[in-house]
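Just below is one structure, and these are the notes that go with it.
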Amino acid sequence: MVKNTYMRWRLPLICLLWEIAMIILFGVFVRFDPEADAHWKEEWHQKNLTSDIENDFYFSFPGCPRDDLRGFWLPDDIPPALWLWSCWLQLPPCRLWDPVGSPDAGLVPFFREWKDTHWSGKVKDAGGSMTIHTFGAYFGLTVTRILYRPNLEQSKDKQGSVYHSDLFAMIGTLYLWMYWPSFNSAVSNHGDAQHRAAINTYCSLASCVLTTVAFSSLLQKKGKLDMVHIQNATLAGGVAVGTSAEMMLTPYGSLIVGFLCGIVSTAGFVYLMPFLESKLKIQDTCGIHNLHAMPGLIGGIVGAVTAAAATEEVYGKEGLISAFDFTGDYKDWTPTVQGGFQAAGIFVSLAMALAGGAIVGAILKLPFLGDPADENCFEDDVYWEVPEDEESGLYHMHDPTLKPVTS
Amino acid sequence: MVKNTYMRWRLPLICLLWEIAMIILFGVFVRFDPEADAHWKEEWHQKNLTSDIENDFYFSFPGCPRDDLRGFWLPDDIPPALWLWSCWLQLPPCRLWDPVGSPDAGLVPFFREWKDTHWSGKVKDAGGSMTIHTFGAYFGLTVTRILYRPNLEQSKDKQGSVYHSDLFAMIGTLYLWMYWPSFNSAVSNHGDAQHRAAINTYCSLASCVLTTVAFSSLLQKKGKLDMVHIQNATLAGGVAVGTSAEMMLTPYGSLIVGFLCGIVSTAGFVYLMPFLESKLKIQDTCGIHNLHAMPGLIGGIVGAVTAAAATEEVYGKEGLISAFDFTGDYKDWTPTVQGGFQAAGIFVSLAMALAGGAIVGAILKLPFLGDPADENCFEDDVYWEVPEDEESGLYHMHDPTLKPVTS
Amino acid sequence: MVKNTYMRWRLPLICLLWEIAMIILFGVFVRFDPEADAHWKEEWHQKNLTSDIENDFYFSFPGCPRDDLRGFWLPDDIPPALWLWSCWLQLPPCRLWDPVGSPDAGLVPFFREWKDTHWSGKVKDAGGSMTIHTFGAYFGLTVTRILYRPNLEQSKDKQGSVYHSDLFAMIGTLYLWMYWPSFNSAVSNHGDAQHRAAINTYCSLASCVLTTVAFSSLLQKKGKLDMVHIQNATLAGGVAVGTSAEMMLTPYGSLIVGFLCGIVSTAGFVYLMPFLESKLKIQDTCGIHNLHAMPGLIGGIVGAVTAAAATEEVYGKEGLISAFDFTGDYKDWTPTVQGGFQAAGIFVSLAMALAGGAIVGAILKLPFLGDPADENCFEDDVYWEVPEDEESGLYHMHDPTLKPVTS
């Protein structure tokens, strides 16, 4: 019996109905536990707690090895290592010197300098929607634009995903998904803010998975799921609450953000990436624009709106002061002012990214940096000793002159 | 010189002798450190500690991103995501819609509802031997029974393990092994109970590894180790102490539980799985019955016995009250009553699993859910966009018409 | 256009200049945050803190599942499991019984016994440069020497790295790199010492990555990077600060240690390994000597020097006592005495390793242990059930009689 396995309408329908039902149920029934609510500061006094570490969060939640670790060592040496690791992590080979393949490679020294000097303490961005994702992505895409290679087509066949590598990459996706709540909460204020940041991030990530699955199927004629979407767009929800996760975004608010971001990110892979390459001459081989740039912008906007909408009713008097650090020089700030500065932060991030990317792109064009010829891009053995093994066997196997014995 | 590498008797003998020696040594010499002993509550007062977080455990032990996080957000959105992830995690392809391959796929919404409503606080099950493993496994196996496909044989050749995937799966096993102590302790009472849960889980896991190795070799004529046993049965010890790990099971008690569970789980793969398929028409492609169902039942039983055997001498007066929450409405409960409720919990779990599985199985038989034809089960490309690369090359290679050139 | 991609001088030059600039900048500008400085004990009193857990470190840093967990369970059962896992983790197959491939396989029972009995509390070695790395590596290399097989050459072609396995192994490297700071700090004193240990370890690891890249390229005629160096030597920096990380090594001190260790470790792969095999008859198939033995010795020496150089000015009066446990029987010890004991510890580790390795090597030579013939070393299927799949296909493919159809 021939079965109908065409899921283009049925799968998205189920996913979206489910997700909408969840959002409604969460909106009606789910509130933050007192330990994750901004009112916790008041409870703190009532319960005579002596430390933020009494928050239930610290009894079982895993930490995250974030690069700044609340800034306890000023300029640190993690950046160069991260820079190198981020290159190695990306399988295609000519990345180390050819930022075409690695738009976020050069971000790190810039990032730290301007963030630490001009930024911290005024504009909230604990999960880095603006300072990490928006900045990093547009920085790298600018570099990519400058290093555009019109004739890269000839090595393009080496760029596609490979079955084993796709499975391999899913480990990375899973790991990132699991630890994103730790990442977004790592540098938040101690106590309820860290607790809340982890919950909001989980909600957004979970919601984003569902819409990614729905739209990955919906946007393709055959209605099949695409591993590249699943590997990337499922994480976009974590980026999109990077700024607001520590605020009182609420669980159902996070679900809505993740819901929308999954759609934007998946649609970006299907419609925007070809446009970026053909019209804007930006070769975004890893889909940075879909996982970091657009979700980062969404995150900045959501953060500005959430900050501007903060009220004493929702946060409590003391909670509001604590959440936005309305102390010292900033004791007269209001949520509206905070929201305005948050909005400004988006544009500052973008401006720094474009300027920094232009400078670094120009440097990387210098001839002594040993970039490969167009036909060698995406080849490991230009810069790496590669073992001669099955891989060569596999290529051999593709040899079209190797044919079944027919006689 | 021809060497004798037949290990069927020598390897198991060494492993079992070693393990028995360990159990004796642990029984004689090893006791819980005061920080992991139920008497810690009393020491707490003597040392004037102000918080459970003073327990040494919290200074270096990693947390675990458990789904409920002590229930601080009531119905949460993790379940749908977990549901999807658990599907993706399992490599064979037609899992998303065909629960034949994924017996635990549908458990999650059911699980939370009944656990949170009827259960929590009365029956102890911190590591989920009953509420996660027993329930989930029998739920899924019931679904599998209902969706039985007598003609699945024709796609069976696509189901076997693959060398690379076996290595790949070992990463998952290692990760689970390392974090199982965090998982089992995540929702235990703060302080000594969490500390103890981690230690007991480690002991059981370590012991289980040894008997798995011994019996994997012993139960096969060639005396060789089987990767499938190593990947699964080595974890069964963690399941089997899920209920009792937070109790005063003691390190050598945990070693004994792990010892027995490794035998049961490995023997299940060798003897019970073929029986389940041929006689009971349950196609347990992932060995859920051996890793979750049987160890979960063992865990429930061990938990009931350990609870019933609790005494003030072992736990201390205050420790006993704290360990089993004999406060408020339950202040007159005795360990015997607790043990009885624990035992009842096993049957409740089973009943809920069979009933829930039957309902979900019936729903999944509805024709609009797009299940694949028998011959397409275990094929990725029914529902996924698959890159055309080496994989297709490999299939091509298996083509029997491709033969060495002999002339 | 033909491009010049020969990086032998340009890549190392950039890496080394950058690293030297970092060291200078760190030396001039970077100091420990108060929470990571040994003076924290004094601040503790001023701030009326009630517990070491108030240190910022515990609010966001992930723990590490270390085997001893501050010794709270005396002889534990982790060692046998670790022993087995460490074998499985190493892909080449005949490891379980043939320690040629696994020099550190037998270390564990020895290690614990002598460390716990004769050592702890007097000589500081929180990250195990001496007691784990130096001891384990020379123990295993001694075993390897005794089990030397002059005719192993015939199976040597099965020993080389494989493209997929190289990617696979990089996951392990990344995981180890990320969690090494947690590992080195896990058993340090609570509070500032743990905090400091994590920072120093990060600095050393980061620095080591840069010199590894530089020298991997520099030491080869083609100037290409070698995956084996990257997988191993990048971690050597973590080993080399194992003893001193919890001391006031300072960030720039850690950078210098990592810098030197990356050179030593990479040069070891290129120059020393062939020498070990041809002259000393030690078949170090995994490069244990380069990742554990030499960096462990460096770590012991750095620890002795750092301890001997400790002053009240740098640590504070109370901090010095706390850092080296100059209390009770040791209240009259000075940093100089401590440094002397640290130095003695290196020789004790070496002596124990050589003696223990000799004994275990002799035991492993007993004929009933089922070691494989020379030509079967590095073959999985001697001891494992191996699926017949693509792998066999691949071997088949290499069959030289399979040739393109030319007629």
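Protein chains in written order, with my numbering: chain A, 1 to 407; chain B, 1001 to 1407; chain C, 2001 to 2407.
For each residue, glycine too, the CB sits at the ideal point set by N, CA and C.
Small disclaimer: the values here were computed from a predicted structure and weren't measured.
Proximity test, Cβ basis, 8 Å: HIS1164 (chain B) and chain A | yes
Rounded to the nearest angstrom, how far is the Cβ of THR1134 (chain B) from that of LEU1280 (chain B), given a contact under 8 Å?
That belief does not hold up - the Cβ atoms of THR1134 (chain B) and LEU1280 (chain B) are roughly 17 Å apart, past 8 Å.
If you pair each beta-carbon of the region 2126 to 2140 of chain C with each one of the region 2288 to 2296 of chain C, do three or more pairs fall below 8 Å?
yes
- prompt: Looking at the C-beta of ILE171 (chain A), does it have a partner C-beta in chain C at a distance below 8 Å?
  reply: yes
Given 8 Å, three or more beta-carbon pairs between the region 306 to 321 of chain A and the region 329 to 340 of chain A
yes
Opposing strand residues paired with GLU1385 (chain B) [DSSP bridges] = A:ASP226
- prompt: Just reading off the alpha helix (DSSP H) that HIS292 (chain A) is part of, what are its end residues?
  reply: From DSSP, HIS292 (chain A) is part of no alpha helix (DSSP H); its letter is neither H nor E.
According to the Cβ coordinates, are ARG196 (chain A) and PHE59 (chain A) closer than 8 Å? no
Q | Separation of TYR1315 (chain B) from ALA2240 (chain C), as counted between CA atoms | A | 44 Å
Exposure of LEU2249 (chain C), with buried meaning 16 or more beta-carbon neighbours within 10 Å | buried
With distances taken from CA atoms, which of B:ASN1200, B:CYS1286, B:GLY1136, B:THR1266 is nearest PHE1026 (chain B)? B:ASN1200
Interface residues of chain B facing MET352 (chain A) [CB-CB closer than 9 Å] = Those within 9 Å of MET352 (chain A) in chain B number zero; the least Cβ separation is about 33 Å.
Query raised in the report: Just the Cα atoms here: how many angstroms apart are GLU2312 (chain C) and GLU246 (chain A)?
Result: 41 Å
Given this structure, state the Cα-to-Cα distance separating GLY2071 (chain C) from PHE2057 (chain C), to the nearest angstrom. The pLDDT assigned to GLY2071 (chain C) is 28, lower than 50, so where the model puts this residue is not dependable; a value taken from the coordinates is nonetheless given after this. Spanning the two alpha carbons is a distance of roughly 22 Å.
field: Cut-off 7 Å between Cβ atoms - residues of its own chain near GLY345 (chain A), not counting five sequence neighbours on either side
entry: VAL123, ASP125, MET130, GLY300
Expressed to the nearest angstrom, what Euclidean distance is found between the alpha-carbon atoms of HIS2229 (chain C) and TRP384 (chain A)? 11 Å
### Message
I need the DSSP call for LEU2280 (chain C), collapsed to helix, strand or coil.
### Response
coil
Using a Cβ-Cβ cut-off of less than 8 Å, give me the residues of the region 1032 to 1061 of chain B that come near chain A, in sequence order. THR1050, SER1051, ASP1052, ILE1053, TYR1058
*asked:* Relative to the C-alpha of PRO1367 (chain B), which candidate in B:THR1173, B:ASN1055, B:LEU1147, B:SER1051 has its C-alpha closest?
replied: B:LEU1147
- Is it right to say TRP85 (chain A) is buried, meaning 16 or more other beta carbons lie within 10 angstroms of its own, or is it exposed? Note that TRP85 (chain A) has pLDDT 34, beneath the 50 cutoff, so the model's placement of it is unreliable and the number below is only indicative. The residue is buried, with at least 16 neighbouring Cβ atoms inside 10 Å.
Q. If you scan the region 2120 to 2196 of chain C from start to end, which runs of the alpha helix (DSSP H) of 4 or more residues do you find wholly inside it?
A. 2135 to 2146, 2163 to 2185
CB ALA2214 (chain C) to CB SER2265 (chain C), shorter than 8 Å? no
Fill in: 8 Å Cβ cutoff, MET2130 (chain C) in contact with chain A
no
* Does any residue of chain C bring its CB to less than 8 Å from the CB of THR1005 (chain B)? -> yes
Any beta carbon from chain B within less than 8 Å of TYR2148 (chain C)'s own beta carbon? no
ALA2358 (chain C) versus VAL2348 (chain C) - alpha carbon distance = 15 Å
- Task: Would you mind telling me which residues of chain C sit closer than 7 Å to ARG1010 (chain B), beta carbon to beta carbon, in chain order?
- Result: PHE2368, GLY2370
ask   = Any beta-carbon of chain A closer than 8 Å to the one on PHE949 (chain B)?
value = The structure shown has nothing for residue 949 (chain B), since chain B only spans 1001 to 1407.
Report the neighbours of ASP226 (chain A) on chain B: residues whose CB is nearer than 9 Å to its CB, in chain order. TRP1384, GLU1385
Suppose contacts are defined by Cβ-Cβ distances below 8 Å. Is TYR138 (chain A) in contact with LEU291 (chain A) by that definition? no
State yes or no: is the beta carbon of HIS190 (chain A) nearer than 8 Å to at least one beta carbon in chain C?
-> yes
| task | Just confirm the distance between the C-beta atoms of PRO62 (chain A) and SER182 (chain A), as a whole number of angstroms; I'd bet it's less than 8 Å. | result | 6 Å
Mind checking whether LEU1218 (chain B) and ARG1008 (chain B) have CB atoms under 8 Å apart?
yes
Next on the checklist: Applying the 10 Å Cβ sphere with the 16-neighbour rule, what's the burial state of LYS41 (chain A)?
Outcome noted: buried
Residue from A:CYS286, A:SER278, A:GLY253, A:VAL209 whose Cα sits closest to the Cα of PRO12 (chain A)
A:VAL209
* Can you grab the Cα-Cα spacing for the pair MET178 (chain A) / GLY172 (chain A), in whole Å? => 10 Å
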